[in-house]
Each structure stands twice: as C-alpha cells, then as structure tokens.
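Trainee: First, the structure itself, so that you have it in front of you.
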Amino acid sequence: MPTVAQHLATVNQYLGALIGSSCIGVFHFYDSLVQLANFDGELTATANEILDRVNAHQEEIAKWANSAPMNYQHKFDLVAE
C-alpha cells in the first residue's frame, strides 16, 4: 500500500496543473508535515534537503496566509512550530 509520502510525491508531479487551486496550499502544508515527521534531528545532507523543502513550502504557505489568513495562517504557524 502506498504511503502518504509516495502519494505526495505523485501529487507534486502534477502540481503545475493546479495553479490557482486551493489544493496547492493544502499540498504545501501536508508535505511539510510529512517531511518534518521524517526529520530525525541530525544535520545530514538528507536533513538539509528536508529543511530546504519545508522552508520552500513555508514561503508558499506564507503567500496564501497573506491573502487568506483565516484559512492558511494556522497552517503556517503549525509548521513553524
């Protein structure tokens, strides 16, 4: 059975087709949570890739939170924790 990470990797391949969709903000949120769940705290090359990916997601979520804080600010805050 595919894992959440595998499903998110598949969605990431088609993310460009969702431009303007609210699904994009949700994708960035959940992919951040999955990446952070896989982060073991050790600063390795893989860990740096995870943190870079989460930071990129946070930049995108921040844009959505600026436009619709009632829907996205809490998502930004949860990942920032």
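Just so we're aligned: the sequence shown equals residues 122 to 202 in this note's numbering.
Even glycine gets a Cβ: it sits at the ideal position worked out from N, Cα and C.
Looking at I182 and N146, is the spacing between their C-beta atoms short of 8 Å?
Mentor: In the sequence shown, the residue the question calls residue 146 occupies position 25. In the sequence shown, the residue the question calls residue 182 occupies position 61. It should be pointed out that residue 146 corresponds to Gly in this sequence rather than to Asn. In contact: G146 and I182 (Cβ atoms closer than 8 Å).
Trainee: Do the segment 164-175 and the segment 123-136 make contact, defined as three or more Cβ pairs closer than 8 Å?
Mentor: Because the criterion of three Cβ pairs below 8 Å is not met, the segment 164-175 and the segment 123-136 do not touch.
Trainee: Would you kindly report the start and end of the unbroken alpha helix (DSSP H) that includes G146?
Mentor: Here residue 146 corresponds to residue number 25 of the sequence shown, with the count starting at 1. It spans C144 to A158 - the alpha helix (DSSP H) in which G146 sits, taken as one unbroken run.
Trainee: Would you kindly check if the distance between the Cβ of V132 and the Cβ of F148 is under 8 Å?
Mentor: Along the sequence shown, one-based indexing puts residue 148 at 27. Along the sequence shown, one-based indexing puts residue 132 at 11. Their beta carbons are under 8 Å apart, which means F148 touches V132 by this criterion.
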